[in-house]
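Accompanying notes for the structure given below.
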Amino acid sequence: MLGACSGAMHSARGFFRLLYRASPGATISSAVFTVLLALTEGVSLLFLVPLLALAGVIPPTGSPGLLSRAAEFLPHTLGAALVVYVLVMAARAALESLAIAAAARVETDLQHALAVDLHEAVTHARWDAVVRVRGSRIAYVVTHEIDRVSVAANQLLSGAMELCVALAYVAAAVAVSAPLALLAAAIAAALLVVLRGQRAAAEREGQELSSVGNDLFASATEDIGMLRLARTAGVSERISALFRSRSRRYSDAVARAQRQSATSSATLTVGAAASLAVVVYVAVTVLHLDAARLLVMIFLCARLVPRATVVQTRLMIAARAIPAATAVEELLAELRLAREGAPDAGARIEPIRDRITLDRITYRYPGSTRAALDDASCVIPAGRITAVVGESGAGKSTLADVLLCLLEPENGQLLADDKPIALGARAAWRATISYVPQDAPLLHDSVRANVEWLASGPTTAALATALRRAGADALIERLPQGLDTIVGDRGALLSGGERQRIALARALLTGPKLLVLDEATNALDIDSEAAFLETLVSLLPELTVVMITHRLTTARMADHIIVLADGHVNAQGSWADVASSIDVAAVGT
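Using numbering that gives the first Met the number 0, you'd call the opening residue of the sequence shown number 0 and step up by one each time.
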């Protein structure tokens, strides 16, 4: 949605460009309303002296320049003049409301655009690039860093509005006394120079918050995922101690940021008070300003100081939040560089009639000197069950990912009935495949939601057929709420065999021609595995099944077996053909 992010993301100017790309209409509206708000504020200020004169607070004469001309637009009675003033302030309030609403739209549009861009970047990146990125990093950027970018947008837009209003006060001060206004501007400029180092420190603190916050989020996510293992191993307290340490680092970083904000605010308050004192002293002792203008100048300075404080505070908060935009930009750039080629909309995959062939496949993971698959060639017969066996690290899962077109080999090709699967046809090829991993992911939702997750609006009959073919219909009858039973976090309320049945039903509901099972029976006992394998046999010959397994009991019942070792295909064929090539100790029982 946003295209390539600006390389100057860390600067306010680059950030405003990002806002415009996310929501051009609302950004322009926000700018227009902010300028009109400042003009209305300026008009209301120019009416102050004439109103005071009409009220008899000051003499009706002696108002210079713009202040005198402003009196011409006011009625000559106090009541009517006050009505005009109220109308001007009502217009100001309406414009402020519109400016705030437009800024809120920009903020939400930016948040939405970044979230969508990141999601699309992840889903369209090459698989080898996605698995190199720490999952918790993606989750942290989506759930936290994008929120911080939204905070930066809010503070910059609000700060811009406050700045424009402050400039209206400055313009009014120039109309009252140009020399005093220039003096005040010079003092303000000097104060901003003093505070520049604090804004730079705020940006450094923002970078630290991104770093330690990411570590804390990753720790919490991974600790929960490994909680069962930690409790079993009796290391829960050590894990808790590590988390406490990371949490303390994050809390300390937040405390430092808050102290810096407090220091900045105190510096600005003292500086503003000193500036006001200097302005009043010069007005009285040097310029001998008349009472009317002195009163207005004091009023303007009293209104300007809080505005300046708010602008500085918002800039500090934005400076602390803008590094989050850099974190989003870096992740987006990393994933976009690895974007998979666009699919060919006209690509079609014919039903497999004879075989799938992996022809002289070589694949090496980035950063590795060893090929995970090295000139590997094998055949997968259509309408049969093929088992891929080998010791850990032999290349079984890599072969499955090549078969799924998740990995693009550096050499060799994948063929269906001797026709190569072109790069543009990968999406069409995947549409014919279903995949069931070892630890089949289940949502913390109902059985129905889990089975239907991959399908688009399946009918009740199709759902019932998938459950029956997966051998899960008896399971549904036993569950207390049937299809509406909640399965728990990652399916924790189901047994291993029940989870695999649900995962298989989900895979079958999409109507695949090829089913790939990656160690899908590992967590099952012998009886559950036997029942699961009987279910697979019942799906033949309409379905071609590939099972990645380390169990010989599983391999024995396959029609075709591929034996891998160190990325090479050592043997393939029936059990009788390959039995002598299988290392029983390495593969399993």
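Every residue gets a Cβ at the ideal spot worked out from N, C-alpha and C, and that includes glycine.
Label Gln154 either buried or exposed according to how many other C-beta atoms from any shown protein chain fall within 10 Å of its C-beta, with 16 as the threshold for buried.
Buried, because 16 or more other Cβ atoms sit within 10 Å of the Cβ of Gln154.
Enumerate in chain order the residues of its own chain whose CB-to-CB distance from Arg248 is below 8 Å, with the five nearest sequence positions on each side excluded.
Cβ neighbours of Arg248 beyond the five flanking positions: Val211, Asp214, Leu215.
How many angstroms separate the CA atom of Ala93 from the CA atom of Ala318?
Rounded to the nearest angstrom, the two C-alpha atoms are 29 Å apart.
Less than 7 Å between the C-beta atoms of Ala504 and Ala465, yes or no?
Their beta carbons are under 7 Å apart, which means Ala504 touches Ala465 by this criterion.
By alpha-carbon positions, which one of Thr220, Gln257, Val130, Cys163 ends up nearest to Glu95?
Comparing Cα-Cα distances from Glu95 to each of Thr220, Gln257, Val130, Cys163, the minimum goes to Cys163.
Alpha carbons only, please: which of Arg347, Gly487, Gly470 is nearest the one belonging to Ala421?
The shortest C-alpha separation from Ala421 is found at Arg347.
For Arg550, does the three-state DSSP call read helix, strand or coil?
Residue state, collapsed to three classes: coil.
For Trp574, which residues from the same chain have a beta carbon less than 8 Å from its beta carbon, with the 5 sequence-adjacent residues on both sides left out?
Around Trp574, the same chain offers Ala554, Arg555, Ala557, Ile560 as residues with beta carbons nearer than 8 Å, after the five sequence neighbours per side are excluded.
So, at 7 Å on beta carbons, what are the nonlocal neighbours of Phe32 in its own chain, with the 5 sequence-adjacent residues on each side left out?
Hits under 7 Å: Leu94, Leu97, Ala98, Ala101.
Give the DSSP bridge partners of Val387, in chain order.
Ile547, Ile561.
Nearest-angstrom Cβ-Cβ length linking Val169 and Ala184, presumed shorter than 8 Å:
Contact between Val169 and Ala184 holds: CB atoms are separated by about 7 Å, below the 8 Å threshold.
Mind checking whether Ala469 and Leu441 have CB atoms under 7 Å apart?
No. Outside cutoff.
Just mark His118 as buried or exposed, buried being the case when its beta carbon has 16 or more other beta carbons within 10 Å.
It is exposed - the Cβ of His118 has fewer than 16 other Cβ atoms within 10 Å.
Quick check on the DSSP output: the beta strand (DSSP E) that includes Val357 runs from which residue to which?
Rather than Val, the amino acid found at residue 357 in this sequence is Leu. Residues 354-362.
Going by other Cβ atoms of all chains shown within 10 Å of its Cβ, with 16 needed for buried, is Asp400 buried or exposed?
By the 16-neighbour rule on beta-carbons within 10 angstroms, Asp400 is buried.
So what does DSSP say about Leu492, is it helix, strand or coil?
Here Leu492 carries a coil assignment [DSSP, helix/strand/coil].
Sequence-distant residues of the same chain with beta carbon closer than 6 Å to Val175, five excluded per side
Closer than 6 Å at Cβ, skipping near neighbours: Arg292, Val295, Met296.
Looking only at its chain, what residues have a beta carbon closer than 8 Å to the beta carbon of Glu161, apart from the 5 residues adjacent to it on each side?
Here Glu161 has Arg306, Val309, Val310, Arg313 as same chain residues with Cβ atoms under 8 Å from its own Cβ, once five neighbours each way along the sequence are excluded.
Of all the CB atoms in chain E, is at least one closer than 7 Å to the CB of Ala199?
The question asks about chain E, but that chain is absent: this structure has only one protein chain.
Go ahead and pull the three-state DSSP assignment for Pro440.
The answer is coil: DSSP assigns Pro440 none of H, G, I, E or B.
Going by the beta-carbon positions, is the gap between Asp373 and His549 smaller than 7 Å?
No; because the gap between Cβ atoms is not below 7 Å, this pair is not in contact.
Extract the residue ranges of the alpha helix (DSSP H) inside the stretch 455-490, only unbroken runs of 4 or more that lie entirely within it.
If we require 4 residues or more, the alpha helix (DSSP H) runs fully inside the stretch 455-490 come out as 459-468, 472-477.
For Arg555, which three-state DSSP category applies?
It is helical.
Between Leu402 and Val544, which are expected to be in contact by the criterion C-beta below 8 Å, what is the C-beta distance as a whole number of angstroms?
The beta carbons of Leu402 and Val544 sit about 12 Å from each other, so the pair does not count as a contact at 8 Å.
Just the C-alpha distance for Leu18 and Asp438, rounded to the nearest angstrom, thanks.
So the alpha carbons of these two residues sit roughly 41 Å apart.
Local Cβ density within 10 Å of Leu109, reported as buried at 16 or more and exposed below that:
Classification of Leu109: buried, given that the 10 Å Cβ count is 16 or more.
Where Trp126 and Leu462 are concerned, what is the direct C-alpha to C-alpha distance, given to the nearest angstrom?
One C-alpha to the other measures close to 30 Å.
Could you compute how far the alpha carbon of Leu44 sits from the alpha carbon of Ala167?
Answer to the nearest angstrom: the Cα atoms are 8 Å apart.
With distances taken between CB atoms, is the gap from Ala172 to Ala180 smaller than 7 Å?
It is a contact, given that the beta carbons lie within the stated cut-off.
With DSSP collapsed to three states, give me the class of Leu542.
Leu542: coil per DSSP, three-state reduction.
Can you confirm whether the stretch 527-542 touches the stretch 478-496 when touching is taken to mean that 3 or more C-beta pairs between the two stretches lie within less than 8 Å?
Taking 8 Å as the limit for Cβ pairs, the verdict is that the stretch 527-542 does touch the stretch 478-496.
Out of curiosity, what's the CA-to-CA distance linking Gly196 and Leu190?
Going by the C-alpha atoms only, they are around 11 Å apart.
Contacts around Trp428, its chain only, beta-carbon distance under 6 Å, and the 5 residues preceding and following it disregarded
So the qualifying residues of the chain are Ile348, Cys404, Ile420.
Assuming Leu482 and Arg425 form a contact by the criterion Cβ under 8 Å, report the distance between their Cβ atoms to the nearest whole angstrom.
About 33 Å separates the two Cβ atoms, so there is no contact after all.
With a threshold of 6 Å on Cβ separation, who are the neighbours of Ala415 within its own chain once the five nearest residues in sequence on each side are excluded?
Same-chain partners within the cutoff: Ile351, Ile355.
For Pro479, is the classification buried or exposed, using 16 other Cβ atoms within 10 angstroms of its Cβ as the cut-off for buried?
So Pro479 ends up on the exposed side.
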